[in-house]
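*Asks:* Can you read through this structure? Questions will come right after.
Protein chains: 2
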Amino acid sequence: MSEEFQQIVGKQSIRFSTPPAIISRCSIVGEMEGEGPLASYFDEIELDPTFGQESWELGEAEMVRRTVSKAIAKSGIATEDIRYIFGGDLQNQLVGTTFGLKEFNIPLFGLYGACSTCGESLSLAAMTVAAGYAKHVVAVTSSHYGSAEKQFRFPLEYGNQRPLSATWTVTGSGAFVLEAASKEQPLEQYPRIMGITTGKVIDYGVRDSMNMGACMAPAAADVIYQCLEDFGVKPEYFDRIVTGDLGKVGTEILLKLLRDNGYEIGKQHMDCGVEIFSNQEQDTHSGGSGCGCSAATLAGYLLNRLEAKEWHRILFVPTGALLSPISFNEGESIPGIAHAVIIETCKGDK
Amino acid sequence: MSEEFQQIVGKQSIRFSTPPAIISRCSIVGEMEGEGPLASYFDEIELDPTFGQESWELGEAEMVRRTVSKAIAKSGIATEDIRYIFGGDLQNQLVGTTFGLKEFNIPLFGLYGACSTCGESLSLAAMTVAAGYAKHVVAVTSSHYGSAEKQFRFPLEYGNQRPLSATWTVTGSGAFVLEAASKEQPLEQYPRIMGITTGKVIDYGVRDSMNMGACMAPAAADVIYQCLEDFGVKPEYFDRIVTGDLGKVGTEILLKLLRDNGYEIGKQHMDCGVEIFSNQEQDTHSGGSGCGCSAATLAGYLLNRLEAKEWHRILFVPTGALLSPISFNEGESIPGIAHAVIIETCKGDK
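Just so you know, the sequences run in chain order A and B. In terms of the numbering used here, the first sequence opens at residue 1 and continues consecutively. In terms of the numbering used here, the second sequence opens at residue 1 and continues consecutively.
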């Protein structure tokens, strides 16, 4: 392999020769998430579902604005020195992201990967700074229970029943400021993005929009398998392999699919959707979902555990279900996609 | 500026030190576009609005599938050697793109920039190959009249009247295969992406969804202005400055805004939305729109003119209006975004 392609690893992965650092981050969530087991890790818990705005949609935009604003403030970098934002959400036409980012005056790449968007935004952000296209960029991802239920399922006022396989869309947002490292300044004091494995659209023909976990599990299995193969490592290379929002039902499918392909990840695996709520007490059925689920859990809980040296290296794998109400109502299947990001902190004293 | 950031130019631009080449391309359009003045430049004109499928939505997916398939076939590169696809469309949750790309088994970055998506996908694709993350990638963008009108405006069966400022969503798709160049193999025989300027969300407070040109013109003016400033060139540096789908109304606003800021681009400017239809004969009012408009016009007409050496260098500026039916109906303004891409062929005999 010639020098210019030396970062390419295996079939669909990149190993960064100078891994970008996550120098700051912010997570903001809603009331329900603030009553869950990860509450103490979030930067802000907002009790008003419209975040002081006139609608859920504008509320989500305000949540995005606040999350990015705080992440930048915490980084100490001037807003005008952030060269790009990579962002996305679940609202049609990404209006949560675009309206939320209006005031920043920063070039924007709008992304849509359903609930895998946090993995997609971190991947492209890392690629951009590692290539020297920017010194600092922001990646941000959000979802909102009110705007998502209204758009994808039923009006909340309708009070429909939910099967046990259904998940609960997280009201939450996670933003990350990435900085380019160099050989002189490797930024090893921060969590760094060491590599990525980018996922494909995987369709097993599942058609149940109340069972997203089953739709996404094959995509998660595919990208985790490929990551392990590409980097030539075993599951125990990672302290944790963290999927986005498979929930309990999807997790079982994921573990089985990987087991069938020679990898046992039961010891390492955890799922943001399972962690973010106390399903017994909060009655959220299969767990949390939405692209804000993995984003807020990474920005809040996971990076905190890495910084505390409880873990040294995680594989972060947000998982997305690719459907629209139209495709679903026209009887189409629900394919999945997932993007894997390797995040590492230097080993040190616990 | 240190060596690793040498490609950064000005406030929001990149000048590629080894510009990626567009080694093949394909454009597929619908019947209406096939009756327009650019008909002879498209690879395929499909008379069936559902492309042999059961719905407009699946028809758009089939159009995407065919366009990518043909672009790859024309490139002579094996499908498994395409490392990433950067793609997007106007359908909610990008189902045109994700369903259309299912069978390719290629890692996907899903993008949403409204009708600026072709500029966004080419920008990220170029950044990726120029950084050595891939030897070959595909960028694809599409829109479909039927799926877009149904989603954004009224059911077609309703037969609503359209004001003269309204545009006509193009049924069309453009796909591009990009190859990484090197000092030894500069690929100068192909059109190359020399640089990009990435746009910001620009909101002038326009609220008329039947006048998208007015919503997008400020964003186009902003990114063109910044591109000229960042690269330190005058409008005449380009043989053409080609906006996406401002139409006649938006074009007037764009020219005035740039004139007010010291740049007269009247001689260089053209608009894909104005070119793709004979507005007099085809009764399309302000012109064509949709992210397939600029994508198909670039893949069909514009690159043909560059390859024929009629032009040497163009600034391609797809323009997007950021709204959803929900944001619009909640009384929000319609911000715009635009992304600029510099495409060049070597000077030679005409």
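C-beta atoms are modelled at their ideal positions from N, C-alpha and C, and glycine is treated no differently. Here the structure is a predicted model, which is why all the values come from computation and not from measurement.
For the putative contact between SER209(A) and ILE334(A), defined by C-beta atoms under 8 Å, what is the C-beta separation to the nearest angstrom?
*Replies:* SER209(A) to ILE334(A), Cβ: 6 Å. Contact.
*Asks:* Taking the DSSP output, what are the residues bridged to MET270(B)?
*Replies:* According to DSSP, which records beta bridges pairwise, MET270(B) is partnered with VAL242(B).
*Asks:* Quick check: is the beta carbon of VAL201(B) nearer than 8 Å to any beta carbon in chain A?
*Replies:* Closer than 8 Å to some Cβ of chain A, the Cβ of VAL201(B) qualifies, so yes.
*Asks:* So, do the segment 45-65 of chain A and the segment 110-117 of chain A have three or more beta carbon pairs nearer to each other than 8 Å?
*Replies:* They do not touch, by the three-pair rule.
*Asks:* Nearest chain A C-beta to PRO155(B) closer than 8 Å, yes or no?
*Replies:* By this cut-off, PRO155(B) is not an interface position.
*Asks:* So the alpha helix (DSSP H) GLU120(A) belongs to, where does it begin and stop?
*Replies:* Segment 117-130, the alpha helix (DSSP H) holding GLU120(A).
*Asks:* Taking Cβ-Cβ distances below 7 Å as the criterion, which residues of the segment 100-118 of chain A are in contact with chain B?
*Replies:* For the segment 100-118 of chain A, which is checked against every Cβ of chain B, the residues closer than 7 Å are LEU101, LYS102, ASN105, ILE106, PRO107, LEU108, PHE109, GLY110, LEU111, TYR112, GLY113 and ALA114.
*Asks:* How about LYS70(A): is its C-beta nearer than 8 Å to some C-beta of chain B?
*Replies:* Judged by the 8 Å Cβ criterion, LYS70(A) is not in contact with chain B.
*Asks:* Starting from CYS26(A), trace the beta strand (DSSP E) both ways and give me its first and last residue.
*Replies:* Run containing CYS26(A): 21-29, per the beta strand (DSSP E) assignment.
*Asks:* Using CA atoms only, rank isn't needed, just tell me which of PRO49(A), PHE51(A), ALA217(A) and GLN6(A) is closest to LEU257(A).
*Replies:* Checking every option, the nearest Cα to that of LEU257(A) belongs to ALA217(A).
*Asks:* Since GLU229(A) meets chain E, which of its residues come closer than 8 Å, beta carbon to beta carbon?
*Replies:* Although the question refers to chain E, the structure presented lacks it and instead comprises the protein chains A and B.
*Asks:* Name the two residues that bound the continuous alpha helix (DSSP H) containing ARG153(A).
*Replies:* Run containing ARG153(A): none; DSSP gives neither H nor E here.
*Asks:* Please list, in chain order, all residues of the same chain as ARG240(A) whose beta carbon is under 7 Å from its beta carbon, the five residues on each side excluded.
*Replies:* Closer than 7 Å at the Cβ level, and outside the excluded window around ARG240(A), lie GLN268, MET270, TRP311 and ILE314.
*Asks:* Can you find a C-beta in chain A that's less than 8 Å from the C-beta of PHE238(B)?
*Replies:* Answer no: the Cβ-Cβ gap between PHE238(B) and chain A never drops below 8 Å.
*Asks:* Which residue's Cα is closest to the Cα of GLU188(B): CYS227(B), ILE23(B) and LEU228(B)?
*Replies:* Ranking the options by Cα distance to GLU188(B), first place goes to ILE23(B).
*Asks:* Given a limit of 9 Å on CB to CB distance, which residues of the segment 126-149 of chain A reach chain B?
*Replies:* Those residues of the segment 126-149 of chain A that come within reach of chain B (Cβ to Cβ, closer than 9 Å) are MET127, THR128, ALA130, ALA131, GLY132, TYR133, ALA134, LYS135 and SER147.
*Asks:* Considering only C-alpha positions, which residue in the set VAL201(B), LEU254(B) and THR171(B) is nearest to ALA39(B)?
*Replies:* With distances taken between Cα atoms, ALA39(B) lies closest to THR171(B).
*Asks:* Should CYS26(A) and ALA71(A) be called a contact, given that it needs their Cβ atoms to be closer than 8 Å?
*Replies:* Their beta carbons are under 8 Å apart, which means CYS26(A) touches ALA71(A) by this criterion.
*Asks:* Keeping to the same chain, check which residues put their C-beta closer than 8 Å to that of GLN354(B); ignore five residues upstream and five downstream.
*Replies:* Only positions 1 to 350 of chain B appear in this structure, which leaves residue 354(B) out of reach.
*Asks:* When you compare only the Cα positions, how much space is there between GLY247(B) and ALA296(A)?
*Replies:* Answer to the nearest angstrom: the Cα atoms are 41 Å apart.
*Asks:* Roughly how many whole angstroms lie between the Cα atoms of SER17(B) and ILE343(B)?
*Replies:* Cα-Cα distance, rounded: 14 Å.
*Asks:* Does the beta carbon of LEU254(A) come closer than 8 Å to any beta carbon on chain B?
*Replies:* By this cut-off, LEU254(A) is not an interface position.
*Asks:* Below 8 Å on the Cβ atoms is my guess for TRP168(A) versus THR284(A); work out the distance and round it to an integer in Å.
*Replies:* Sure, about 4 Å apart at Cβ, within 8 Å.
*Asks:* Is the distance from the Cβ of ILE337(B) to the Cβ of GLY195(B) below 8 Å?
*Replies:* Contact flag unset, no.
*Asks:* Which one or two residues does DSSP pair with ASP81(A) in a beta bridge?
*Replies:* None; ASP81(A) has no bridge partner.
*Asks:* How would you list, in chain order, the residues of chain B whose beta-carbon sits under 8 Å from the beta-carbon of VAL64(A)?
*Replies:* Within chain B, no residue comes near VAL64(A); the closest Cβ sits about 12 Å away, beyond 8 Å.
*Asks:* Helix, strand or coil, according to DSSP, for ASP43(A) in the structure here?
*Replies:* ASP43(A) falls in the coil class under three-state DSSP.
*Asks:* Is the distance from the Cβ of SER143(B) to the Cβ of CYS291(B) below 8 Å?
*Replies:* Yes; because the gap between Cβ atoms is below 8 Å, this pair is in contact.
*Asks:* State the beta-bridge partners of GLY88(B) as determined by DSSP.
*Replies:* For GLY88(B), which the question treats as bridged, DSSP gives the partners THR141(B).
*Asks:* Could you list the residues in the segment 287-307 of chain B with a C-beta less than 7 Å from some C-beta on chain A, going in chain order?
*Replies:* If the cut-off is 7 Å between Cβ atoms, the segment 287-307 of chain B has nothing near chain A.
*Asks:* Considering only the alpha carbon of each residue, which of MET127(A), GLU157(A) and TYR301(A) lies closest to CYS272(A)?
*Replies:* Looking at the Cα atoms, TYR301(A) is the closest of the given residues.
*Asks:* Which residues, taken in chain order from the segment 36-67 of chain A, show a beta carbon closer than 8 Å to some beta carbon of chain B?
*Replies:* Per Cβ criterion, the list reads GLU54, SER55, GLU57 and LEU58.
*Asks:* Which residues in the same chain as ILE381(A) place their Cβ atom closer than 8 Å to its Cβ, once the five residues preceding and following it in sequence are excluded?
*Replies:* The structure shown does not extend to residue 381(A), since chain A is modelled only from 1 to 350, so the question has no answer here.
*Asks:* Would you mind reading off the limits of the alpha helix (DSSP H) that contains ILE253(B)?
*Replies:* Per DSSP, ILE253(B) belongs to the alpha helix (DSSP H) from 247-260.
*Asks:* For the segment 160-182 of chain A, enumerate the residues whose C-beta is nearer than 8 Å to any C-beta of chain B, in chain order.
*Replies:* Taking 8 Å as the Cβ-Cβ cut-off against chain B, the residues of the segment 160-182 of chain A that qualify are ALA180 and SER182.
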